[in-house]
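What follows is one structure encoded as C-alpha cells, with my remarks underneath.
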Amino acid sequence: MFTMSEQTDYYLQIESTLALAGLDALTPSEVHGTIVGAIANHLRTGMTPDLLKLIEPGADANDGRFAPVSEMLYELYRETSEVLFDSKEGFELVLPDDDAPLQQRVDGLASWSKGYLLGLLYNDLFSIDQLPESGAEIARDMIEISEAGSGTDSEREEEWALAELEEYLKVGSQLIFEFIYSERAADAPTLSQ
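Counting from 1, one number per residue, gives the positions in the sequence shown under UniProt numbering.
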C-alpha cells in the first residue's frame, strides 16, 4: 500500500483532513482501523458502510466541511480494499511514526484496534462468534489491545512488545479478512455444464 515514509505522510494527511473538519478527537489510526474493519463487515454482510457516520455519527454529509473527510474516507476504503484483495501487496497499518514517543505509538495501536472493532461490528448483521475459532480469538485479542497502555518494562522491552503487537494486528486483520473472503467464495454458486 505504501512505504514507511509514505505511511508517515498518509498519517499526516489523514490527521490534517480530520483537523480541518474539526474532528481532531479522532486519530488517523482509529480511522484506518475503522476502514479495515468496515471492509471485512461489508464483505461478510453485503452492506455498504456509511463511513462518515461510522467515524462521526453526528456528521451531516451535506455540511461542506465534511466533504474532504468523506472523499478521503472513500479513497482510503478503495485503496485498502485493493491491498487486502491483492495479497501480494504489503498491507500496513496507519500508525504514528516510529520516531514518535512510545506512549503515542501505544495509543495509536490501541486506537487502530478500537477502530477496527467498530468497523467490523458496526451493524447487528455480524458478530465475532460468526468467525472461525481462530478468527474469533484474534478479534477478542483486539478488544484487549484496544485497551492497551504502557507498562513498567524497560523502553527496549516495550518497543519489542509494541512491534510484536503491531505485527499481530496486521496479520490478524488480514486473516479475518481472508476467513470471510474464503467463506464468501465457498458460498458462491458455481456454474454447471
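Glycine included, each C-beta is placed from N, C-alpha and C at the ideal position.
Straight through space, the alpha carbons of residue 106 and residue 56 are spaced by roughly 23 Å. The C-alpha of residue 173 is placed about 8 Å away from the C-alpha of residue 138. A buried status is given to residue 11, since no fewer than 16 other beta-carbon atoms sit within 10 Å of its beta-carbon. Setting aside the 5 residues that flank it on each side, residue 126 is surrounded in the same chain by 41, 44, 45, 120, each with a C-beta closer than 8 Å to its C-beta; the list follows chain order.
When DSSP states are grouped into helix, strand and coil, residue 46 belongs to the coil group. Closest in C-alpha terms to residue 184, from the list 157, 130, 117, comes 130.
Looking at 17, 26, 163, the one whose alpha-carbon comes closest to that of residue 64 is 17.
Membership of residue 73 in the alpha helix (DSSP H) is indicated by the continuous run 67-85. Taken through DSSP and simplified to helix, strand or coil, residue 28 comes out as helix. In the structure shown, the three-state DSSP call for residue 146 is coil. Residue 69 and residue 86 have their C-alpha atoms some 26 Å from each other. With a 10 Å radius around the Cβ and a threshold of 16 neighbouring Cβ atoms, residue 34 comes out buried. By the CB criterion at 8 Å, residue 93 and residue 112 fall inside the cutoff.
Under a 10 Å Cβ-count criterion, residue 101 is classified as exposed, with fewer than 16 other Cβ atoms of the shown protein chains found around its own Cβ. Residue 90 and residue 179 have their C-alpha atoms roughly 18 Å apart. The three-state reading of DSSP puts residue 123 in coil, since its state is none of H, G, I, E or B. In the displayed model, residue 94 falls within coil according to three-state DSSP, outside both helix and strand.
A check of alpha carbon separations from residue 143 across 159, 163, 116 identifies 116 as the nearest. Shown here, residue 60 sits in coil according to DSSP, grouped into three states, outside any helix or strand.
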